[in-house]
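A.B. asks: Before anything else, here's the structure in question.
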Amino acid sequence: QDIVLDIKNLKKYFYMPKGVVVHAVEGVNLQLKRGETLGLVGESGSGKSTIAYDVIGMYKPTSGEIIFNGEPLHPDIHKRPLKQKGDMQIVFQDPGSSMNPRATIETNLAFPIKRHGGLKDRQAIHERALELLRFVGLPEEYAQKYPRSIGGGERQLACIARALASNPKLIILDEPTSALDVSIQAKVIRQLIDLQKELNLSYLFITHDLSLMRNLATKVAILYLGRLCEIAETAEFYSTPMHPYTQMLLSSIPVVTEEEENLRPVKLESRGEIPNPANMPTGCGFHTRCSRCMEICKTQHPQMKEVSPGHFVCCHAIEGKPVDTEAAVL
Ligand code: SF4
Ligand code: MG
10 QDIVLDIKNL KKYFYMPKGV VVHAVEGVNL QLKRGETLGL VGESGSGKST IAYDVIGMYK
70 PTSGEIIFNG EPLHPDIHKR PLKQKGDMQI VFQDPGSSMN PRATIETNLA FPIKRHGGLK
130 DRQAIHERAL ELLRFVGLPE EYAQKYPRSI GGGERQLACI ARALASNPKL IILDEPTSAL
190 DVSIQAKVIR QLIDLQKELN LSYLFITHDL SLMRNLATKV AILYLGRLCE IAETAEFYST
250 PMHPYTQMLL SSIPVVTEEE ENLRPVKLES RGEIPNPANM PTGCGFHTRC SRCMEICKTQ
310 HPQMKEVSPG HFVCCHAIEG KPVDTEAAVL
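Take 10 as the starting number for the sequence shown in full-length UniProt numbering and just add one per residue.
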């Protein structure tokens, strides 16, 4: 299966007043295949949204490379071809602020339909808008409604419909359901799963909610202070979590019935506070919170190791085959 998104040694630093440098993303390597979902999970401040914004072109990476459909992405969004921009879309957490409230849903959809679909005829645009609404399971009458007159979940579905207007291959979902009620969350997630199958979409799904990824992700990657701790296929990830941070996160998911568990949003409970990314700990970034911390952890950042095929862990306490992250498919 071909790789849609290949993130190579991505770094993003923010240069703040008084010489402060925030290392938001510190050398991340990730690959996403066609038709699959990569769950990128971390607490706030872990750098997960920064990675998304580097991919979409809202930020310029400090260094590293992002390959999309086999082509390197230009760091400046204005230099990216229109087709390439249409091939990747992003859906944000707050569906309220990402649509024009003074325009109907149809008018909101018409802009990307014209821009990326090349449609000019009013009737053709109308038909396409209705088709997009059908794709996400919204009634056709919603075309004439205003974003504020429909529920939050429906508005998010309308945003997803708008993202589909350009026939994207990749959709970046940045906490798309965390502003929604749990029951509505499930409806949106179900719709995303159906769409993925129907359109062979790839999702980069950004979330702090590990329980959400269990039935959604093909592969889960855990990010902490801008670095990857662990990456594995979903079944392996939940059955054999190895990194102390992953274990901490998973232990905070309450055990309930499976159905409930899938629906329940989980706050990442922490042992100690997440350090300030502007003042990064030396060595392993997690050492200030880790129950297994050793002397070496305080001074030396661990190397990524492959513990079993496709399962990567970055921790001094875990045995495995050291990998060249630049070459490996993570
Ligand atoms: Fe803990 Fe050390 Fe592993 Fe970091 S490298 S997670 S501090 S054991
Ligand atoms: Mg964020």
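Built from N, CA and C at the ideal position, the CB exists for glycine as well. Just so it is clear, the structure is predicted and the values come from calculations on it, not from any experiment.
DSSP three-state label for GLN98, please.
C.D. replies: Counting from one through the sequence shown, the residue named residue 98 turns up at place 89. Strand, per DSSP.
A.B. asks: Determine the closest residue to ALA226 out of TYR247, ALA61, ARG131, HIS296, with distance taken between C-alpha atoms.
C.D. replies: Within the sequence shown, the letter at position 217 stands for residue 226. The option with the nearest alpha carbon to ALA226 is TYR247.
A.B. asks: Just mark LYS88 as buried or exposed, buried being the case when its beta carbon has 16 or more other beta carbons within 10 Å.
C.D. replies: Position 79 of the sequence shown, counted from the first residue, corresponds to residue 88. Looking at its Cβ environment, which holds fewer than 16 other Cβ atoms inside 10 Å, LYS88 is exposed.
A.B. asks: Which residues bound the beta strand (DSSP E) around MET313?
C.D. replies: What you label residue 313 is simply residue 304 of the sequence shown in a count that begins at 1. Run containing MET313: 313-317, per the beta strand (DSSP E) assignment.
A.B. asks: Given that a residue counts as buried once 16 or more other Cβ atoms are within 10 Å of its Cβ, and exposed if not, what is GLU163?
C.D. replies: The residue you call residue 163 lines up with position 154 of the sequence shown. Buried: at least 16 other Cβ atoms inside 10 Å.
A.B. asks: Under the three-state reduction of DSSP, which class applies to TYR233: helix, strand or coil?
C.D. replies: For the purposes of this step, residue 233 is taken as the residue at position 224 of the sequence shown. Strand at TYR233.
A.B. asks: Tell me which residue opens and which closes the beta strand (DSSP E) that TYR22 is part of.
C.D. replies: Here residue 22 is taken as the residue at index 13 of the sequence shown, counted from 1. Per DSSP, TYR22 belongs to the beta strand (DSSP E) from 12-24.
A.B. asks: Jot down the residue ranges of each uninterrupted beta strand (DSSP E) in the segment 160-235, minimum 3 residues, whole runs only, in chain order.
C.D. replies: 179-183, 211-216, 228-233, all fully within the segment 160-235.
A.B. asks: Going by CA-CA distance only, name the one from VAL34, SER175, GLU315 that's closest to PRO134.
C.D. replies: Position 125 of the sequence shown holds residue 134. With the sequence shown as reference, residue 134 is identified as Ile, and Pro is not the correct amino acid for it. That would be SER175, whose Cα lies nearest to the Cα of ILE134.
A.B. asks: Roughly how many angstroms lie between the CA atoms of ASP218 and VAL197, to the nearest whole one?
C.D. replies: Walking along the sequence shown from the start, residue 218 turns up at place 209. Walking along the sequence shown from the start, residue 197 turns up at place 188. So the two alpha carbons sit approximately 15 Å from each other.
A.B. asks: Would you mind giving the Cβ-Cβ distance between MET97 and PHE77, rounded to the nearest angstrom? I have them listed as a contact below 8 Å.
C.D. replies: Against the sequence shown, residue 97 aligns to sequence position 88. Against the sequence shown, residue 77 aligns to sequence position 68. That belief holds up - the Cβ atoms of MET97 and PHE77 are roughly 6 Å apart, short of 8 Å.
A.B. asks: On a Cα-Cα basis, can you pick out the residue from LEU221, VAL229, LEU204, GLU242 that is closest to PHE144?
C.D. replies: Residue 144 sits at position 135 when you count from the first residue of the sequence shown. If we check each option's Cα against that of PHE144, LEU204 comes out closest.
A.B. asks: Assuming the contact rule is C-beta atoms closer than 8 Å, VAL31 and ALA287 should be a hit. Round their C-beta distance to whole Å, please.
C.D. replies: Within the sequence shown, the letter at position 22 stands for residue 31. Within the sequence shown, the letter at position 278 stands for residue 287. Their Cβ separation, rounded to whole angstroms, is 5 Å, which keeps VAL31 and ALA287 in contact under 8 Å.
A.B. asks: Just to confirm the assignment, what range does the alpha helix (DSSP H) spanning GLY126 have?
C.D. replies: Reading the sequence shown from its first residue, position 117 is the one you call residue 126. Counting along the chain, the alpha helix (DSSP H) containing GLY126 begins and ends at 114-126.
A.B. asks: Is it right to say ASN209 is buried, meaning 16 or more other beta carbons lie within 10 angstroms of its own, or is it exposed?
C.D. replies: Residue numbering aside, residue 209 sits at position 200 when the sequence shown is read from its first letter. Counting Cβ neighbours within 10 Å, ASN209 comes out exposed, since fewer than 16 surround it.
A.B. asks: Leaving out five residues on either side along the sequence, give the residues of the same chain with a beta carbon under 6 Å from the beta carbon of PHE214.
C.D. replies: As a position in the sequence shown, residue 214 is number 205, starting the count at 1. Closer than 6 Å at the Cβ level, and outside the excluded window around PHE214, lie THR46, GLY48, LEU182.
A.B. asks: Is it buried or exposed for THR266, if we count other Cβ within 10 angstroms and need 16 for buried?
C.D. replies: As a first step, residue 266 must be located in the sequence shown, where it is residue number 257. Note that THR266 has pLDDT 48, beneath the 50 cutoff, so the model's placement of it is unreliable and no number is given.
A.B. asks: Would you call ARG131 buried or exposed, if buried means 16 or more other Cβ atoms sit within 10 Å of its Cβ?
C.D. replies: As a working note, residue 131 is residue 122 in the sequence shown. Exposed, since its Cβ has fewer than 16 Cβ neighbours within 10 Å.
A.B. asks: Do you know offhand how far PHE23's Cα is from GLY329's?
C.D. replies: Start at 1 with the first residue of the sequence shown, and residue 23 comes out as number 14. Start at 1 with the first residue of the sequence shown, and residue 329 comes out as number 320. Distance between the alpha carbons of PHE23 and GLY329: 33 Å.
A.B. asks: Inspect the CB distances between the segment 61-75 and the segment 243-262 and report whether three or more fall short of 8 Å.
C.D. replies: Touching, no, given that fewer than three Cβ pairs across the two stretches are closer than 8 Å.
A.B. asks: Could you pull out every residue in the same chain whose Cβ sits closer than 8 Å to the Cβ of GLY51, ignoring the five residues on either side in sequence?
C.D. replies: Residue mapping note: residue 51 aligns to position 42 of the sequence shown, counting from 1. Same-chain partners within the cutoff: LYS57, HIS217, ILE231, LEU232, TYR233.
A.B. asks: In the DSSP output, what is PHE77 paired with across the bridge?
C.D. replies: As a working note, residue 77 is residue 68 in the sequence shown. Beta-bridge pairing links PHE77 to LEU14, GLU80.
A.B. asks: Collect the residues with a C-beta less than 5 Å away from any heavy atom of the ligand SF4 and give them in sequence order along the chain.
C.D. replies: Working through the chain, the matches are PRO253, CYS293, PHE295, HIS296, CYS299, ARG301, CYS302, CYS306, PRO311, CYS324, HIS325, ALA326.
A.B. asks: Which residue from CYS324, ALA326, MET313 puts its Cα closest to that of ALA337?
C.D. replies: As a working note, residue 337 is residue 328 in the sequence shown. Among CYS324, ALA326, MET313, the Cα nearest to that of ALA337 belongs to MET313.
A.B. asks: Taking the continuous beta strand (DSSP E) assigned at GLN40, which residues delimit it?
C.D. replies: The sequence position of residue 40 within the sequence shown is 31, counting from 1. Start and end: 30-42.
A.B. asks: Considering only C-alpha positions, which residue in the set GLY28, VAL64, VAL37 is nearest to VAL13?
C.D. replies: Position 4 of the sequence shown holds residue 13. Per the Cα distances, VAL64.
A.B. asks: Determine the burial state of VAL322: buried for a count of at least 16 other Cβ atoms within 10 Å of its Cβ, exposed for fewer.
C.D. replies: In the sequence shown, counting from the first residue as 1, residue 322 sits at position 313. Under this definition VAL322 is a buried residue.
A.B. asks: Run the CB neighbour count on LEU19, radius 10 Å, all protein chains shown included, and call it buried at 16 or more, exposed below.
C.D. replies: As a working mapping, residue 19 is identified with position 10 in the sequence shown. Its Cβ being crowded by 16 or more others within 10 Å, LEU19 is buried.
A.B. asks: In chain order, what residues of the same chain have a beta carbon less than 7 Å from the beta carbon of LEU339, not counting five sequence neighbours either side?
C.D. replies: For the purposes of this step, residue 339 is taken as residue 330 along the sequence shown, with counting starting at 1. Excluding positions up to five away in sequence, the list reads ASN38, LEU39, GLN40, ILE240, PHE321.
A.B. asks: Start and end of the beta strand (DSSP E) containing PHE321?
C.D. replies: Numbered from its first residue, the sequence shown carries residue 321 at position 312. Per DSSP, PHE321 belongs to the beta strand (DSSP E) from 320-323.
A.B. asks: For LYS17, which residues in the same chain have their Cβ closer than 8 Å to its Cβ, ignoring the five residues on either side in sequence?
C.D. replies: Residue numbering aside, residue 17 sits at position 8 when the sequence shown is read from its first letter. Here the set comprises ASN38, GLY73, GLU74, ILE75, ILE76, GLU335.
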